[in-house]
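These notes are about the structure you will find just below.
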Amino acid sequence: MADVDTGGKGGGKKKGAKKASTKVDMTPMVDLAFLLVTFFMLTTTLSKPNTMSLNMPEKPKPNDPPPPKVDERVTTTVVLDKNNRIFYYKGVETPEVFTTDYSAEGFRKMAVEMVAKGKSLQKDAVFIIKPTAEASYKNVVDILDEMKITDAKVYAIQQLYPQDKEIIQKYKTEHNITD
Amino acid sequence: MAKVKVPRKSISLDMTAMCDVAFLLLTFFILTATAREEEPVVVDTPGSVSETVLPDRDVLIISIDKGGQVFLKVDSEKTRLAMLDKMAGRYQVSFSEGEKNQFRLTEMFGAPIANLKSVLHAKGKDRVALQKGIPTDSLDNQLDNWVSYARLAQVETFGTQQQLRVVIKADKDTKYEVIQKVIDTLMKQNMNKFNLITNLEQMPAGFGGERERH
Numbered sequence: 001m002a003d004v005d006t007g008g009k010g011g012g013k014k015k016g017a018k019k020a021s022t023k024v025d026m027t028p029m030v031d032l033a034f035l036l037v038t039f040f041m042l043t044t045t046l047s048k049p050n051t052m053s054l055n056m057p058e059k060p061k062p063n064d065p066p067p068p069k070v071d072e073r074v075t076t077t078v079v080l081d082k083n084n085r086i087f088y089y090k091g092v093e094t095p096e097v098f099t100t101d102y103s104a105e106g107f108r109k110m111a112v113e114m115v116a117k118g119k120s121l122q123k124d125a126v127f128i129i130k131p132t133a134e135a136s137y138k139n140v141v142d143i144l145d146e147m148k149i150t151d152a153k154v155y156a157i158q159q160l161y162p163q164d165k166e167i168i169q170k171y172k173t174e175h176n177i178t179d
Numbered sequence: 001m002a003k004v005k006v007p008r009k010s011i012s013l014d015m016t017a018m019c020d021v022a023f024l025l026l027t028f029f030i031l032t033a034t035a036r037e038e039e040p041v042v043v044d045t046p047g048s049v050s051e052t053v054l055p056d057r058d059v060l061i062i063s064i065d066k067g068g069q070v071f072l073k074v075d076s077e078k079t080r081l082a083m084l085d086k087m088a089g090r091y092q093v094s095f096s097e098g099e100k101n102q103f104r105l106t107e108m109f110g111a112p113i114a115n116l117k118s119v120l121h122a123k124g125k126d127r128v129a130l131q132k133g134i135p136t137d138s139l140d141n142q143l144d145n146w147v148s149y150a151r152l153a154q155v156e157t158f159g160t161q162q163q164l165r166v167v168i169k170a171d172k173d174t175k176y177e178v179i180q181k182v183i184d185t186l187m188k189q190n191m192n193k194f195n196l197i198t199n200l201e202q203m204p205a206g207f208g209g210e211r212e213r214h
């Protein structure tokens with residue numbers, strides 16, 4: 001089967017040489033090939049991981065002008081606490097603390113309202129995000145995500161200052177939150 | 001009346017075309033597949049609606065697992081070698097050629113520089129068990145040095161056109177404390193832009209209609 005028919009050898013007739021079919025049964029080969037295809041398709045990671053960019057503020061230089069004061073009406077400070085709890089307060093001087101969660105009815109609703117309020121005042125709503133040490137990474141990413149979802153333009157991650165801790169602690173004792 | 005003769009058809013199909021397609025696909029998948037090497041750390045990233053895709057070159061990935069152990073991954077072998085040299089000089093640890101070669105082949109590592117030698121000699125499971133993360137304490141911030149030497153090495157090998165992009169890949173249950181330490185370390189080096197690796201999540205209904213995509 002493998003050798004080439006040179007043909008016309010002495011012009012004689014071939015005797016008894018059975019004409020073997022050139023057709024090969026490809027079925028097992030196809031089976032194998034598809035098995036491998038399936039294997040590689042399942043193990044390969046076609047999708048590359050997605051990323052979210054995060055820009056932190058630059059270190060202020062000594063001779064920089066002081067940063068402009070934020071408008072209190074559109075500023076929200078968001079403190080991410082442990083156990084997926086969020087505290088937020090509007091304004092800086094006389095904060096009124098609220099608590100919420102990561103659901104669509106919780107933080108997102110508030111953020112949408114703030115963004116709309118900012119728009120009506122022709123300003124950008126400002127969110128200052130302050131994760132506590134016990135907040136999880138997921139919490140931070142979730143909040144950054146909410147910023148994107150609600151199209152909030154101005155937000156920053158900041159350290160939790162002692163006065164923030166005091167405000168939260170006061171709220172916790174007033175409302176009997178122990179954890 | 002003569003009977004109409006129904007010609008008997010062969011039931012065997014010509015598989016050649018199918019075979020061609022199968023092998024074409026096979027070749028494609030074999031070539032695109034990248035062997036997943038055993039990473040010493042398991043990181044379950046949180047989801048986000050961000051659609052930016054991570055570039056596959058010139059990235060420095062800082063992986064942080066649930067327990068706050070920090071690992072580093074640099075994709076270029078040349079950069080890796082150069083940064084090891086610099087670190088070895090800085091911490092007065094000398095590595096043999098064999099150890100350097102091992103390091104060249106290790107994409108991801110996470111051990112104090114003093115223990116790096118034993119990690120490089122270990123194989124398989126032992127190697128995973130030996131790595132407990134790069135120290136990030138303010139007293140002994142080796143991550144700081146690794147990152148700055150990695151950036152320096154990258155610039156030296158590839159020029160300023162291909163600077164390293166710093167990416168943080170943390171587990172969703174990692175405490176923010178650890179993340180903040182890493183971010184502070186980066187900000188100390190005046191790196192204020194970085195990326196966070198996330199899983200793709202669906203944009204909730206009713207949001208993000210005509211916004212521009214980044």
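Line by line, the protein sequences give chains B and C. Each residue of the first sequence is one higher than the one before, starting from 1 at the first, in full-length UniProt numbering. Each residue of the second sequence is one higher than the one before, starting from 1 at the first, in full-length UniProt numbering. By construction, the Cβ of each residue, glycine as well, lies at the ideal position given by its N, Cα and C atoms. All figures in this text were calculated on a predicted structure; none of them were measured in a lab.
Taking all protein chains shown into account, do 16 or more other C-beta atoms lie within 10 angstroms of the C-beta of residue i, making it buried, or fewer, making it exposed?
i	result
Q102 of chain C	buried
E210 of chain C	With a pLDDT of 43 at E210 of chain C, under the threshold of 50, the predicted position of this residue should be treated as unreliable, and no value is reported.
D140 of chain C	exposed
P204 of chain C	exposed
T32 of chain C	exposed
G159 of chain C	exposed
M1 of chain B	Because the pLDDT of M1 of chain B is 44, which lies under 50, any placement of that residue in the model is unreliable, and the question is left without a value.
V37 of chain B	buried
T79 of chain C	buried
N139 of chain B	buried
Q122 of chain B	exposed
K148 of chain B	buried
T16 of chain C	exposed
T106 of chain C	buried
I30 of chain C	exposed
P62 of chain B	exposed
In whole angstroms, what separates the C-alpha of residue i from that of residue j?
i	j	result
K169 of chain C	S96 of chain C	31 angstroms
D5 of chain B	A20 of chain B	Bear in mind that the predicted position of D5 of chain B carries a pLDDT of just 49, short of 50, making it unreliable; the figure below should be weighed with that in mind. Each residue's Cα considered, the two are about 12 angstroms apart.
T51 of chain B	V24 of chain B	50 angstroms
S120 of chain B	M83 of chain C	53 angstroms
E166 of chain B	R90 of chain C	43 angstroms
G206 of chain C	D14 of chain C	52 angstroms
V42 of chain C	Y137 of chain B	15 angstroms
T100 of chain B	F107 of chain B	6 angstroms
K181 of chain C	K69 of chain B	28 angstroms
P40 of chain C	G110 of chain C	8 angstroms
V21 of chain C	F40 of chain B	15 angstroms
L130 of chain C	T174 of chain C	21 angstroms
L26 of chain C	L35 of chain B	9 angstroms
D126 of chain C	S118 of chain C	10 angstroms
Y88 of chain B	Y149 of chain C	40 angstroms
E156 of chain C	V147 of chain C	14 angstroms
P57 of chain B	L54 of chain C	22 angstroms
R8 of chain C	D31 of chain B	27 angstroms
N115 of chain C	K100 of chain C	14 angstroms
residue 182 of chain B	M114 of chain B	As displayed, chain B neither begins before 1 nor continues past 179, which places residue 182 of chain B out of reach and without an answer.
E77 of chain C	D56 of chain C	14 angstroms
A2 of chain C	S12 of chain C	30 angstroms
D164 of chain B	E174 of chain B	15 angstroms
P66 of chain B	I197 of chain C	34 angstroms
L81 of chain C	P112 of chain C	17 angstroms
K170 of chain B	R104 of chain C	54 angstroms
A104 of chain B	H121 of chain C	51 angstroms
F23 of chain C	K5 of chain C	40 angstroms
V97 of chain B	E201 of chain C	30 angstroms
M29 of chain B	K18 of chain B	26 angstroms
Would you mind stating whether residue i and residue j have Cβ atoms separated by less than 9 angstroms?
i	j	result
V167 of chain C	L60 of chain C	yes
T76 of chain B	A111 of chain B	yes
D151 of chain B	S48 of chain C	no
L186 of chain C	N195 of chain C	no
N199 of chain C	P46 of chain C	yes
V141 of chain B	K188 of chain C	no
I177 of chain B	R85 of chain B	yes
L94 of chain C	S53 of chain B	Reading the sequence as shown, one finds Ser at residue 94 of chain C and not Leu. It is not a contact, given that the beta carbons lie outside the stated cut-off.
D58 of chain C	Q154 of chain C	yes
K59 of chain B	N190 of chain C	yes
I143 of chain B	Y102 of chain B	yes
Give the C-beta separation of residue i and residue j to the nearest angstrom, bearing in mind that I take them to be a contact with Cβ-Cβ under 8 angstroms.
i	j	result
A135 of chain B	K172 of chain B	A135 of chain B to K172 of chain B, Cβ: 15 angstroms. No contact.
L152 of chain C	K86 of chain C	7 angstroms
Y176 of chain C	A33 of chain B	Incorrect: roughly 50 angstroms between the Cβ atoms, too far for contact.
K153 of chain B	D124 of chain B	5 angstroms
query: Counting pairs of Cβ atoms below 8 angstroms between the segment 60-69 of chain C and the segment 147-165 of chain B, do you hit three or more?
result: no
task: Spell out a yes or no on whether the segment 125-135 of chain C and the segment 69-81 of chain C are touching, meaning 3 or more CB-CB pairs, one atom from each, closer than 8 angstroms.
output: yes
- prompt: Are three or more beta carbon pairs between the segment 23-39 of chain B and the segment 150-163 of chain C nearer than 8 angstroms?
  reply: no
Inter-stretch contact at 8 angstroms, needing at least 3 Cβ pairs: the segment 76-90 of chain B / the segment 121-131 of chain B: yes
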